[in-house]
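Visitor: Protein chains in written order, with this note's numbering: chain A, 1 to 299; chain B, 1001 to 1192. No residue lacks a Cβ here, since even glycine has one placed at the ideal position from N, Cα and C. Quick one: the structure is below, and I'll ask about it shortly.
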Amino acid sequence: MSSNGAVSKNTETVKRGLAQMLKGGVIMDVVTAEQARIAEDAGAAAVMALERVPADIRAQGGVARMADPEKILEIQAAVTIPVMAKCRIGHFVEAEVLQSLGVDYIDESEVLTPADEEHHVAKSGFDVPFVCGCRNLGEALRRIGEGAAMIRTKGEAGTGDVVEAVRHMRRVMSELRQIQHMRPDELFAYAKDIQAPVHLVQEAAELGRMPVVNFAAGGIATPADAALMMRLGCDGNFVGSGIFKSGDPAQRARAIVEATTNFEDSALVAEVSRNLGEPMVGIANSSLQPEEMLAGRGW
Amino acid sequence: MSVRIGVLALQGDFAEHGAMLGRLDTQAVEVRQPSDMAGIAGLIIPGGESTTIGKLMERYGFREPICHLAETGKPIWGTCAGLILMARDVGRTQPLLNLLDITVERNAFGRQTDSFETDLEIEGISGGPFPAVFIRAPVVREVGPGVQVLSRLDDGTIVAVRHGRLFGTSFHPELTGDTRLHAGFVEMARQA
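Shown next, in the form of structure tokens:
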């Protein structure tokens, strides 16, 4: 048969499509191949390869960078699920390096130390898709305008305190509800206010949702946290330090996967939450100094 | 007569399948537990991660009710991860339903940057080529007796199969605006 059409790679449909396949799932931070295997066995939809989980970045300080390529290759060899990796905000060479390693998604992440305090990576020019963090609709749509094919809340990574993820998800969902009721002329003024591309504001208003898949991230530590974020309207969860900084990572990972799937079934969330062992210790957001907050990074 | 089609909603793009069914004025039921399968006339197993969906399927005891649905002649259709889950053999150990006598290779095209779109001729689908989106897609390497090949890539790779009322596609019709495959599936469920 030779009657099929031409083949197109790296289209918007294909980039956004992989995020659609991750919906209803949990993406877990891992720093070793062994952790990646535990995550896959527990039912992770993807893993995020990084050098240190956010809780350790906070504790140890210093500059946080892209992971060692050797680590990423080991993690890729260990699992069949998609492997994501983080680059610093604006560090387009780290992004190119990650693309050359064949990672499935790049997270241009505020969790790492920013490489550029003005510019984000021009993501449309890459073959590999990107996910980026946001605190509100304007920030989300700016990132999509730059080429992000998936969005997540920033939350406050490495704290085990879900309050910032809740704040960001509520803000985004509320702004999406507001624009659905705006007149066309109001959408222009609103786009200017939130510093977002007009066509993306119009698209979100028409769709009644974010134009790309929208996950929660930053501070999710328990099955109930994961279900809470789903109830607030996200499409799935990133869990960073919450799993491998807890007492029994495998069991907690499984429980968070089940709670993300069955987020409306409180009896099931209760069942999977029993005897999970110690959660990560955590830092209350209210005790952080403003300069210790990661979510303010990104522009 | 309207029918209810179940969409396995453990993980993946089940909402996209639901939206396609909605466009066909067909009620989609999100299936998270076996009890949600009551009264459905057919089942779609969506795209997603086959290891994630498979593990949850095992944990909630879906194997028996899904196989029972197939035995009673109700149509079942797996897209991408769904195709993997319906296979007999995928070359590694993971939970499978063994509904289709096929051998599947996962991630057969490579990593995400090798994902692609194309237009495909599909047997039984009239009205021109079908837009097909392949995302870290599996392909069918071997088919057993009775399994019909519905579509191939130009190099001969099998990307759509059928056995009776059981269907598997490597690609994602639910990510396109083309409802022809969903319409055919709903029609089959109506008659089953």
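Does the pairing of the region 1067 to 1084 of chain B with the region 1040 to 1048 of chain B give three or more beta-carbon distances under 8 Å?
Guide: yes
Visitor: Using a cut-off of 7 Å between C-beta atoms, extract the partners of residue 51 of chain A located in chain B.
Guide: The count along the first sequence starts at 1 and reaches residue 51 of chain A at position 51. Residues of chain B passing the Cβ test: none, with the nearest at roughly 21 Å.
Visitor: For residue 1163 of chain B, list the residues DSSP reports as bridge partners.
Guide: Translated into the one-based positions of the second sequence, residue 1163 of chain B becomes position 163. Answer is B/1166, bridged to residue 1163 of chain B.
Visitor: Just to make sure I have the definition right: I need the residues of chain B whose C-beta is within less than 8 Å of the C-beta of residue 127 of chain A. Which are they?
Guide: For the purposes of this step, residue 127 of chain A is taken as residue 127 along the first sequence, with counting starting at 1. Neighbours of residue 127 of chain A on chain B, chain order: 1113.
Visitor: When Cβ atoms are compared, which residues of the region 33 to 49 of chain A fall closer than 9 Å to chain B?
Guide: For the region 33 to 49 of chain A, which is checked against every Cβ of chain B, the residues closer than 9 Å are 40, 41, 42, 43, 44, 45, 46.
Visitor: Return the chain-ordered list of same chain residues with a C-beta closer than 6 Å to the C-beta of residue 1173 of chain B, the five sequence neighbours on each side being excluded.
Guide: What you label residue 1173 of chain B is simply residue 173 of the second sequence in a count that begins at 1. So the list reads 1181, once near-sequence residues are dropped.
Visitor: Taking Cβ positions only, does residue 3 of chain A come closer than 8 Å to chain B?
Guide: As a position in the first sequence, residue 3 of chain A is number 3, starting the count at 1. Output row for residue 3 of chain A: interface = yes.
Visitor: Might you give, ordered along the chain, the residues of its own chain that have their beta carbon closer than 8 Å to the beta carbon of residue 1088 of chain B, omitting 5 neighbours on each side?
Guide: If you number the second sequence from 1, residue 1088 of chain B lands on position 88. Around residue 1088 of chain B: 1096, 1098, 1100, 1101, 1102, 1103, 1144.
Visitor: Which chain A residues sit within Cβ distance under 7 Å of residue 1098 of chain B?
Guide: Walking along the second sequence from the start, residue 1098 of chain B turns up at place 98. Within chain A, no residue comes near residue 1098 of chain B; the closest Cβ sits about 19 Å away, beyond 7 Å.
Visitor: Chain A beta carbons: is any one of them nearer than 8 Å to that of residue 1016 of chain B?
Guide: Your numbering for residue 1016 of chain B matches position 16 in the second sequence. Output row for residue 1016 of chain B: interface = yes.
Visitor: Flag this pair as touching only if the region 1160 to 1176 of chain B and the region 1135 to 1142 of chain B have three or more C-beta atom pairs under 8 Å; answer yes or no.
Guide: yes
Visitor: Report the rounded CA-to-CA distance for residue 262 of chain A versus residue 1107 of chain B, giving the unit in angstroms.
Guide: For the purposes of this step, residue 262 of chain A is taken as the residue at position 262 of the first sequence. For the purposes of this step, residue 1107 of chain B is taken as the residue at position 107 of the second sequence. Answer to the nearest angstrom: the Cα atoms are 28 Å apart.
Visitor: Could you tell me the alpha carbon to alpha carbon distance between residue 298 of chain A and residue 194 of chain A, rounded to whole angstroms?
Guide: For the purposes of this step, residue 298 of chain A is identified with residue 298 of the first sequence, where counting begins at 1. For the purposes of this step, residue 194 of chain A is identified with residue 194 of the first sequence, where counting begins at 1. Distance between the alpha carbons of residue 298 of chain A and residue 194 of chain A: 15 Å.
Visitor: From the DSSP output, read off the bridge partner residues of residue 1008 of chain B.
Guide: Along the second sequence, one-based indexing puts residue 1008 of chain B at 8. BP columns for residue 1008 of chain B point to B/1031.
Visitor: For residue 137 of chain A versus residue 216 of chain A, is the C-beta spacing smaller than 8 Å?
Guide: Taking the first sequence and counting its residues from 1, the one referred to as residue 137 of chain A is at position 137. Taking the first sequence and counting its residues from 1, the one referred to as residue 216 of chain A is at position 216. Going by C-beta atoms, residue 137 of chain A is not nearer than 8 Å to residue 216 of chain A.
Visitor: I think residue 90 of chain A touches residue 160 of chain A, with their Cβ atoms under 8 Å apart; what is that distance to the nearest whole Å?
Guide: Residue numbering aside, residue 90 of chain A sits at position 90 when the first sequence is read from its first letter. Residue numbering aside, residue 160 of chain A sits at position 160 when the first sequence is read from its first letter. In this structure residue 90 of chain A is not in contact with residue 160 of chain A, their Cβ atoms being roughly 28 Å apart against a cut-off of 8 Å.
Visitor: Looking at residue 81 of chain A and residue 110 of chain A, is the spacing between their C-beta atoms short of 8 Å?
Guide: Position 110 of the first sequence, counting from 1, holds the residue named residue 110 of chain A. Position 81 of the first sequence, counting from 1, holds the residue named residue 81 of chain A. No, the Cβ-Cβ distance between residue 110 of chain A and residue 81 of chain A is not below 8 Å.
Visitor: To be precise: take each residue of the region 1108 to 1135 of chain B, compare its Cβ to all Cβ atoms of chain A, and keep it if any distance is under 9 Å. Which residues remain?
Guide: 1110, 1111, 1112, 1113, 1114, 1115, 1116, 1117, 1118, 1119, 1120, 1121, 1129, 1131, 1132, 1133, 1134, 1135
Visitor: For residue 1068 of chain B, return the contacting residues in chain A, with the cut-off set at a CB-CB distance below 9 Å.
Guide: Reading the second sequence from its first residue, position 68 is the one you call residue 1068 of chain B. For residue 1068 of chain B, none of the residues of chain A pass the 9 Å Cβ criterion, the least Cβ distance being about 22 Å.
Visitor: In three-state terms, what does DSSP make of residue 1131 of chain B?
Guide: On the second sequence, position 131 is the one that residue 1131 of chain B refers to. Residue state, collapsed to three classes: strand.
Visitor: Over what stretch of residues does the beta strand (DSSP E) that includes residue 13 of chain A continue unbroken?
Guide: Locating residue 13 of chain A in the first sequence gives position 13, where the first residue counts as 1. Secondary structure note for residue 13 of chain A: it is in no beta strand (DSSP E), and the uninterrupted alpha helix (DSSP H) holding it is 12 to 22.
Visitor: Using a Cβ-Cβ cut-off of less than 9 Å, list which residues of the region 224 to 247 of chain A approach chain B; keep chain order.
Guide: 235, 236
Visitor: Give me the subset of the region 4 to 23 of chain A whose CB atoms are less than 7 Å from a CB atom of chain B, sorted by chain position.
Guide: 4, 5, 6, 7, 8, 9, 10, 11, 13, 14, 17, 18, 20, 21, 23
Visitor: Does the region 237 to 256 of chain A touch the region 179 to 189 of chain A, meaning 3 or more C-beta pairs lie closer than 8 Å?
Guide: Because the criterion of three Cβ pairs below 8 Å is not met, the region 179 to 189 of chain A and the region 237 to 256 of chain A do not touch.
Visitor: For a quick check, are the C-beta atoms of residue 189 of chain A and residue 16 of chain A less than 8 Å apart?
Guide: The residue labelled residue 189 of chain A in the question sits at position 189 within the first sequence. The residue labelled residue 16 of chain A in the question sits at position 16 within the first sequence. No.
Visitor: I'd like to know whether the C-beta atoms of residue 259 of chain A and residue 226 of chain A end up nearer to each other than 8 Å.
Guide: Residue 259 of chain A sits at position 259 when you count from the first residue of the first sequence. Residue 226 of chain A sits at position 226 when you count from the first residue of the first sequence. Yes, the Cβ-Cβ distance between residue 259 of chain A and residue 226 of chain A is below 8 Å.
Visitor: I'd like the span of the beta strand (DSSP E) that includes residue 132 of chain A, first residue to last.
Guide: The sequence position of residue 132 of chain A within the first sequence is 132, counting from 1. Residues 130 to 134.
Visitor: Name the residue from A/214, A/157, A/185 whose alpha carbon lies nearest to the alpha carbon of residue 24 of chain A.
Guide: Residue 24 of chain A sits at position 24 when you count from the first residue of the first sequence. A/214 is the residue among A/214, A/157, A/185 whose C-alpha sits nearest the C-alpha of residue 24 of chain A.
Visitor: Residues of chain B with a CB under 7 Å from the CB of residue 214 of chain A: which are they?
Guide: The residue given as residue 214 of chain A occupies position 214 in the first sequence. By Cβ distance, chain B contributes nothing, its closest Cβ being about 12 Å from residue 214 of chain A, past 7 Å.
Visitor: May I have the straight-line CA-CA distance separating residue 75 of chain A from residue 11 of chain A, to the nearest angstrom?
Guide: Start at 1 with the first residue of the first sequence, and residue 75 of chain A comes out as number 75. Start at 1 with the first residue of the first sequence, and residue 11 of chain A comes out as number 11. Each residue's Cα considered, the two are about 26 Å apart.
Visitor: From residue 248 of chain A to residue 1191 of chain B, what distance separates their C-alpha atoms?
Guide: In the first sequence, residue 248 of chain A corresponds to position 248, counting from 1. In the second sequence, residue 1191 of chain B corresponds to position 191, counting from 1. Cα to Cα, residue 248 of chain A sits roughly 50 Å from residue 1191 of chain B.
Visitor: What residues in the region 1035 to 1064 of chain B have a beta carbon less than 8 Å from any beta carbon of chain A?
Guide: 1047, 1048, 1049, 1051, 1052, 1055, 1056, 1059
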